[in-house]
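Chains as they are written, first to last, in UniProt numbering: chain A, 1 to 329; chain B, 1 to 501.
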Amino acid sequence: MGLSPLSRRALVVGGLIAAALPFGARAQAPAYPTRPITLVVPFAAGGSTDVVGRLVAQKMSDILGQQVVVENVVGAGGNVGAARVAKAEPDGYTILMGTVATHALNPLILKRKPYDPVTDFSPVALLAVVPNVLVVNPNLPAKNVQELIALLKADPSKYNYASSGVGTPLHLSGELFKSLAGVQMQHIPYRGSGPALNDVVAGQVPIQFDNLPSASEFIKSGSLRALAVTTKERAPSFPDVPTIAESGLPAYETYTWNALFAPPKTPKPIIDALNAAAVKALADSGLAERMKGFSAKLTPSTPEALAEHVKSEIAKWTPVVKEAGIQAD
Amino acid sequence: MPDLLANLGLGFSVALGLQNIALCFLGCLVGTLIGVLPGVGPIATIAMLLPITFGLDPVGALIMLAGIYYGAQYGGSTTAILVNIPGEATSVVTTLDGHQMARQGRAGIALGTAAIASFFAGTVATVLIAALGAPLTKLALIFGPAEYFALMVMGLAFAVVLAHGSVLKAVAMILVGVLFAAVGTDLETGQERMTFGFSFLTDGVDFSVLAMGLFGIAEILRNLDQTETRDVVRERIGRLLPGLADIKQAAPATLRGTAIGAILGILPGNGAVLGPFAAYTIEKKIAKDPRRFGRGAIEGVAGPESANNAGAQTAFIPLLTLGIPPNAVMALMVGAMTIHGIVPGPGVMTKNPNLFWGMIASMWIGNLMLLIINLPLVGVWVRLLKVPYRLMFPAILMFCSVGIYSINSLPTDVMLIGFFGLMGYLLIKFGFEPAPLLLGFVLGKLMEEYLRRSLTLSRGDPMVFLERPVSAVLFIIAFAILAAALLPSLRKGRDEVFTEA
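Next up, the structure:
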């Protein structure tokens, strides 16, 4: 938008050169992209994945010289959108905003798998990592993770915890906590974290695992008490909140992540052009500022690193899903 | 009080800036247009416009998006009245008497009443948000799962009272609606229910798909086999503005509707959907001659329309003060705020007073603009009815299909509106009314969720509904309504409310 055709072309050429350089100069780079690219966001408009998708799409449009259009293909916890991209033409004009849900959790939970997270996609780039947080209602006597564990052990049948739904990263963050800490609490699923927050703030449910961005205002205003973040390192936006790992459960680590995927067997030059555009978009200071605003950590990566990341996430979650006994058709 | 005035002063100084006024107008205009086009809803529009707002300052961007939202509420009633398609759950009731008025050649008055009642409700709701926004959030926190379940039960009791064409048929329709609501992935276990292995049913049936099929497509089918209904409308358009007698009838209904809608809109658990239904029930209950309802009673338009608009405005209270979106459009507003670096929640009011009060002031300005945009347009919309139906129905059909597809990008949704359209047509032919079905569907989904959550929290003890005072009171009201409805002495005065001639 707003670019003259000439500078647009310059951007495209520049992008292609940047993409091609590490692999040696090519005689003829294929013309890509020549028409708008559809970025499938498999979740509803307005959610955190959608926001990340729209911010990145906007920047990538400027860099690629073609509009990257966000299309929300909602359904089945992200599976409908992911499955659509898995079956799309591998021409680089349909790409997916994948998450820990579409590429690690859902394939583990579902008996009937609509796609294989490893073989049915060409990884493009990891984009951002978003911490989760363990929050409690301020009236709960526990001031830290150890006190919470003591509370839960004293009365194993009394406490409930809220999450944004069955099989979501937040539910499994809770299940992982239960298994590592050896405690019991009843899971109360909600439709998304908004309604869950409402009930935790009101004290209907005392404990919740949530994405850090959606809970952050409640933590700052004191309506919720943050006991710990779920990442290995503390979140820069909340330096005073410890991690669960440093609070006595060293093996604990969960987070939500976003990454770009293309359909399987997408040609390498196209993947490289997309990767270069995504990495360049993340380097933009305006974008970085906006992403920092909701505690997302930017993690630009190579396609190969994303492929490894998906495999390690699947390996990490397999035992948790098995132990929690979550299985769906 | 001086605080309130100072705050409102700040708000108006922000909202009356040249750029913000222009954005407010643009939002209202776009909102009205998409509201009028059947099927193109505010959700799809706001989602598409989000990236365009990146360049604007956050206050202006949100003022525009909010304008689209309540503009669409206005426009949506136009479609409900003229072509009998409720764009959202909240305009289902408007079809009952509004469309009847249009058929009797009083489309102009129905539209005018809707616009004026909405404006009044919007004004009151704006003042209410400004004065009571912060304290009212406490009310929202009293409502736990048990209270919401009781509220939904009360809603279904309303539906039974409402539907007296044939109680048995109405109850059957409500239950079918509840059954439809149960299709899809079980919230608690993640198992699929009644999907017959179709992957497009895993998330259940979308409200807009069901509403557009049962009302929109079915209406087209019905119009196609009885051509003469269109002639009634073409004969005389009538006055555009309600006369003195009309205003006398509509004014008290507007007042009551505003109060009901405003209170229900504050509840973050989507209590606003009940507003128009509750307003309609009350209007019919206290009317001297309830028989007029369903046959073009002006109170049946004024009450629900004001409740609808008041609820649409007060729904901003949980969003702005708690950061909790009560419905899909509000969830999008959360996204819009996040993109602009504002995290919605209790901090907005203190940290971004410009945004908070600016938006509230812009709502009132927006409502005024809507009145100015809509009243002259009433004539244009009514003239649309003179377009021969053979030209109009393909256009409506096309907008419905495009609109439905734009929500989730699922081709199966387009097929489903065809299916529900056929079903709606058959239901009408056999004398079943689609409105109770839709109410059962909307409430059934919420009811199941709250029921199961309350019982999980109480570890299976049903006494929780009676031990909590608010829920106990709501249950008592619900049973009182039902008892009154089932007393034979009262049954005589009942009317075929939902029956569509």
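From the three backbone atoms N, C-alpha and C, an ideal C-beta is built for every residue, glycine too.
Check your understanding: Name the DSSP beta bridge partners of A/Leu298, please?
Key -> Position 298 of the first sequence, counted from the first residue, corresponds to residue 298 of chain A. A/Ala128.
**Study point:** Distance CB(A/Gln204)-CB(B/Pro318) smaller than 8 Å
**Key:** Start at 1 with the first residue of the first sequence, and residue 204 of chain A comes out as number 204. Start at 1 with the first residue of the second sequence, and residue 318 of chain B comes out as number 318. For A/Gln204 and B/Pro318, no; Cβs fall outside 8 Å.
Practice item. Any chance you could list the beta strand (DSSP E) runs of at least 3 consecutive residues sitting entirely within the stretch 69-129 of chain A, in chain order? Key: Restricted to the stretch 69-129 of chain A, the beta strand (DSSP E) segments that are unbroken, complete and at least 3 residues in length are 94-99, listed in chain order.
Practice item. Quick one: residues in its chain with C-beta nearer than 7 Å to the C-beta of B/Ser458, no 5 flanking neighbours on either side, listed in chain order? Key: Position 458 of the second sequence holds residue 458 of chain B. Contacts found: Val464.
Exercise for review: Measure the C-alpha to C-alpha separation of B/Gln73 and A/Ala259 and round it to an integer number of angstroms.
Suggested key: For this step, residue 73 of chain B is matched to residue 73 along the second sequence. For this step, residue 259 of chain A is matched to residue 259 along the first sequence. When rounded, the distance between both Cα atoms is 37 Å.
Practice item. Indicate whether at least one CB of chain A lies closer than 8 Å to the CB of B/Thr189. Key: What you label residue 189 of chain B is simply residue 189 of the second sequence in a count that begins at 1. The beta-carbon of B/Thr189 is placed less than 8 Å from the nearest beta-carbon of chain A.
Review point. DSSP beta-bridge partners for B/Glu192?
Key: Counting from 1 along the second sequence, the entry for residue 192 of chain B is found at position 192. Beta-bridge pairing links B/Glu192 to B/Thr185.
Review point. Can a CB atom of chain B be found closer than 8 Å to the CB of A/Gly174?
Key: Along the first sequence, read from residue 1 onward, the residue named residue 174 of chain A stands at position 174. Chain B, which has no Cβ nearer than 8 Å to the Cβ of A/Gly174, makes this no.
Point to revise | Enclosing alpha helix (DSSP H) for A/Ile314 [first to last residue] | key: Working through the first sequence from its first residue, we reach residue 314 of chain A at position 314. Residues Pro303 to Ala324.
Point to revise | Within chain B, the residues that A/Glu71 reaches when beta carbons sit closer than 8 Å | key: For the purposes of this step, residue 71 of chain A is taken as the residue at position 71 of the first sequence. Here the neighbours are Ser409.
Practice item. Look at the alpha carbon of B/Gly114 and the alpha carbon of A/Val200, and state the distance between them as a whole number of angstroms. Key: Within the second sequence, the letter at position 114 stands for residue 114 of chain B. Within the first sequence, the letter at position 200 stands for residue 200 of chain A. Per the sequence shown, the amino acid found at residue 114 of chain B is Ala instead of Gly. B/Ala114 and A/Val200: Cα-Cα distance of roughly 39 Å.
Practice item. Compare the C-beta of B/Thr456 with all C-beta atoms of chain A and state if any pair is closer than 8 Å. Key: Counted from its first residue, the second sequence places residue 456 of chain B at position 456. Between B/Thr456 and chain A, the shortest Cβ-Cβ separation is below 8 Å.
Exercise for review: Spell out a yes or no on whether the stretch 203-216 of chain B and the stretch 120-130 of chain A are touching, meaning 3 or more CB-CB pairs, one atom from each, closer than 8 Å.
Suggested key: no
Exercise for review: Check whether the Cβ of A/Ser122 lies closer than 7 Å to any heavy atom of the ligand MG, and answer yes or no.
Suggested key: Annotation note on the ligand MG: not contained in the displayed structure, which lists no ligands.
Review point. Does B/Asp461 get closer than 8 Å to chain E when you measure Cβ to Cβ?
Key: The structure shown contains no chain E; the protein chains it does contain are A and B.
Check your understanding: When the Cα atoms are used, what is the spatial distance from A/Pro236 to A/Leu227?
Key -> Here the question's residue 236 of chain A lines up with position 236 in the first sequence. Here the question's residue 227 of chain A lines up with position 227 in the first sequence. Between the alpha carbons of A/Pro236 and A/Leu227 lies a distance of about 16 Å.
Check your understanding: Who are the Cβ neighbours of B/Arg230 in its own chain at under 6 Å, not counting the five residues just before and after it?
Key -> Position 230 of the second sequence, counted from the first residue, corresponds to residue 230 of chain B. Note on B/Arg230: pLDDT 48, under 50, position unreliable in the model; the coordinate value appears next. Hits under 6 Å: Tyr389.
Point to revise | Extent of the continuous beta strand (DSSP E) run through A/Arg225 | key: Translated into the one-based positions of the first sequence, residue 225 of chain A becomes position 225. First-last of the beta strand (DSSP E) with A/Arg225: Arg225 to Val229.
**Study point:** Own chain residues within Cβ distance below 6 Å of A/Val129, not counting five before or after
**Key:** The residue you call residue 129 of chain A lines up with position 129 of the first sequence. Tyr255, Trp257, Lys297 and Thr299.
Point to revise | Cβ of B/Pro145 within 8 Å of any chain A Cβ | key: Here residue 145 of chain B refers to the residue found at position 145 of the second sequence. It does; some Cβ of chain A falls within 8 Å.
Review point. Which same chain residues, not among the five before or five after B/Ala181, have their C-beta less than 6 Å away from its C-beta?
Key: As a working note, residue 181 of chain B is residue 181 in the second sequence. If we look at B/Ala181 and ignore the five residues flanking it on each side, its Cβ neighbours are Phe441, Gly444 and Lys445.
**Study point:** Nearest-angstrom Cα separation, counted from B/Phe12 out to residue 509 of chain B
**Key:** This structure leaves residue 509 of chain B out entirely; chain B is present only between 1 and 501.
Practice item. Could you have a look at A/Ala273 and say whether DSSP puts it in helix, strand or coil? Key: Within the first sequence, residue 273 of chain A is the residue found at index 273, counting from 1. Three-state DSSP puts A/Ala273 in a helix.
**Study point:** Closest residue to residue 504 of chain B among B/Pro353, B/Ile217, B/Leu370 and B/Gly190 (Cα-Cα distance)
**Key:** Any question about residue 504 of chain B goes unanswered here, given that chain B covers just 1 to 501.
Check your understanding: Taking Cβ positions only, does A/Asp50 come closer than 8 Å to chain B?
Key -> Residue 50 of chain A sits at position 50 when you count from the first residue of the first sequence. Yes, contact with chain B.
Point to revise | Local conformation of B/Ala218 per DSSP, three classes | key: Position 218 of the second sequence, counting from 1, holds the residue named residue 218 of chain B. Note: B/Ala218 maps to helix in three-state DSSP.
Check your understanding: CA-CA distance, B/Pro353 and B/Ala117?
Key -> Here the question's residue 353 of chain B lines up with position 353 in the second sequence. Here the question's residue 117 of chain B lines up with position 117 in the second sequence. Rounded to the nearest angstrom, the two C-alpha atoms are 30 Å apart.
Check your understanding: With a cut-off of 8 Å, does the C-beta of B/Arg390 fall near any C-beta of chain A?
Key -> As a working note, residue 390 of chain B is residue 390 in the second sequence. Answer no: the Cβ-Cβ gap between B/Arg390 and chain A never drops below 8 Å.
Check your understanding: Is the shortest distance between the beta-carbon of A/Ile326 and the beta-carbons of chain B less than 8 Å?
Key -> As a first step, residue 326 of chain A is located in the first sequence; it is residue number 326 there, counting from the start. True, the Cβ-Cβ gap to chain B drops below 8 Å.
Practice item. Could you give the DSSP three-state label for A/Ala31: helix, strand or coil? Key: As a first step, residue 31 of chain A is located in the first sequence; it is residue number 31 there, counting from the start. Coil.
Check your understanding: Could you give the distance in angstroms between the alpha-carbon of B/Gly122 and the alpha-carbon of B/Arg383?
Key -> Sequence index remark: in the second sequence, residue 122 of chain B carries index 122 (1-based). Sequence index remark: in the second sequence, residue 383 of chain B carries index 383 (1-based). Cα-Cα distance, rounded: 27 Å.
Check your understanding: Counting only beta-carbon atoms, is A/Val279 nearer than 8 Å to chain B?
Key -> Residue numbering aside, residue 279 of chain A sits at position 279 when the first sequence is read from its first letter. False, the Cβ-Cβ gap to chain B never drops below 8 Å.
Review point. Closest to B/Gln104 by CA distance: which of B/Lys429, B/Tyr425 and B/Ala297 is it?
Key: Looking up residue 104 of chain B in the second sequence gives position 104. Of the candidates B/Lys429, B/Tyr425 and B/Ala297, the one whose C-alpha sits nearest the C-alpha of B/Gln104 is B/Ala297.
Point to revise | Classification of A/Ala154 by the beta-carbon crowding that lies within 10 angstroms, buried from 16 upward | key: As a working mapping, residue 154 of chain A is identified with position 154 in the first sequence. Exposed, because fewer than 16 other Cβ atoms sit within 10 Å of the Cβ of A/Ala154.
Exercise for review: Would you mind telling me which residues of chain B sit closer than 7 Å to A/Gln186, beta carbon to beta carbon, in chain order?
Suggested key: Taking the first residue of the first sequence as position 1, residue 186 of chain A is located at position 186. What A/Gln186 touches in chain B: Thr456.
Practice item. Give a yes or no on whether the minimum CB-CB distance between B/Leu141 and chain A is below 8 Å. Key: The sequence position of residue 141 of chain B within the second sequence is 141, counting from 1. Closer than 8 Å to some Cβ of chain A, the Cβ of B/Leu141 qualifies, so yes.
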